[in-house]
Amino acid sequence: NAGVTQTPKFRVLKTGQSMTLLCAQDMNHEYMYWYRQDPGMGLRLIHYSVGEGTTAKGEVPDGYNVSRLKKQNFLLGLESAAPSQTSVYFCASSPMTSGNPYEQYFGPGTRLTVT
Amino acid sequence: KQEVTQIPAALSVPEGENLVLNCSFTDSAIYNLQWFRQDPGKGLTSLLLIQSSQREQTSGRLNASLDKSSGRSTLYIAASQPGDSATYLCAVNTNAGKSTFGDGTTLTVKP
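Top to bottom, those sequences are chains Y and V.
Residue 96 is where the first sequence starts when you use our numbering, and the numbers rise one by one after that.
Residue 20 is where the second sequence starts when you use our numbering, and the numbers rise one by one after that.
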C-alpha cells in the first residue's frame, strides 16, 4: 500500500494564479482531510469529507475549494492564490467502519509558496 | 470549542534519559487521542492511538496514557536516543471525525 500520497511536492505560484493539489489514498478510508501548517499556528483544518461526493468546511476554508468525486481522491483548489496561502499543506485520511475509527494517516505534504 | 495544549513547547535532554511529554484538552467528549511524530520538513507519523475507553497504549519505548476526565494525556519515552529528536504532536479526535491538534513539543536528545 502506498498509503496517502500528495502531488505536487513543491509549487511556486504568483499572486492570482490558480492550482489544484491532489490527494490519493489506497486504504479505502471514508474520511479525508486537508490541513495547512504554518509556523506558530499549528495544524489547521481547511476542509474535510466524510465520504464520496460530500465535503464540509473546517476551521480556515476561505480561499479554498474541494471536491471528492471518487472515494480515493480529495482535491484542494486555490482559485486565486494569495501570499497568505503560502504554507505546507497536508492531506490525511481515516477509516470510519474498519480498523481504528478516526485514526488519521497523513501524506508527505505539499510546500506551496505564493509570491 | 476544543483546545489542545502541549507543554513544554521545547525540551532538550541528554541521551538515555526517560522523559514525559504532556497534552491537555478542554472538552472530555473525545473519541480517541492520537500521538504523532514530525521530523523537520516531513509529514506526520502516527505513534500511538488511545481510545477514549482505554487508559494507556504501549509501543516499544513509548507509552501513552489517557485520563479523559481530567483532560490529560502523557507520552512517556524511555531511554531516549538522538534519533528520537523530532516534534511530537497530540491530536484529539471527536466522533464527528474532526481533530484538534496541539502545537507540539520539539524534542532534542543530545548524544
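C-beta atoms are modelled at their ideal positions from N, C-alpha and C, and glycine is treated no differently.
Alpha carbon to alpha carbon, how far is residue 132(Y) from residue 109(Y)? Give it in angstroms, no decimals. 20 Å
Amino acids of chain V, ordered along the chain, whose beta-carbon sits closer than 9 Å to that of residue 198(Y): 51, 53, 65, 68, 112
Does any CB atom of chain V fall closer than 7 Å to the CB of residue 107(Y)? no
Would you mind stating whether residue 107(V) and residue 124(V) have Cβ atoms separated by less than 7 Å? yes
Output yes if chain V places a C-beta closer than 7 Å to the C-beta of residue 155(Y); else output no. no
Exposed or buried, which one is residue 199(Y) when buried takes at least 16 other CB atoms within 10 Å? buried
For the stretch 36-119 of chain V, which segments carrying the alpha helix (DSSP H) assignment without a break, of at least 4 residues, lie completely within its bounds, in sequence order? none
List the DSSP bridge partners of residue 127(Y). 144(Y), 188(Y)
Just to confirm, is the Cβ distance from residue 99(Y) to residue 188(Y) under 7 Å? yes
Keeping to the same chain, check which residues put their C-beta closer than 7 Å to that of residue 88(V); ignore five residues upstream and five downstream. 47
Pick out whichever of 201(Y), 207(Y), 208(Y), 206(Y) has its Cα sitting closest to the Cα of residue 62(V). 201(Y)
If I measure Cβ to Cβ from residue 28(V) and keep anything under 8 Å in the same chain, skipping five residues before and after, which residues do I get? 122, 123, 124, 125
Kindly indicate if chain Y contains any beta-carbon less than 7 Å away from that of residue 120(V). yes
Between the beta-carbon of residue 176(Y) and the beta-carbon of residue 101(Y), is there less than 7 Å? no
Endpoints, beta strand (DSSP E) assigned at residue 31(V): Following the DSSP letters along the chain, one finds residue 31(V) inside the beta strand (DSSP E) bounded by residues 29-33.
Going by C-alpha distance, which of 119(Y), 142(Y), 170(Y) is nearest residue 97(Y)? 119(Y)
Buried or exposed for residue 105(Y), going by 16 or more other Cβ atoms inside 10 Å? exposed
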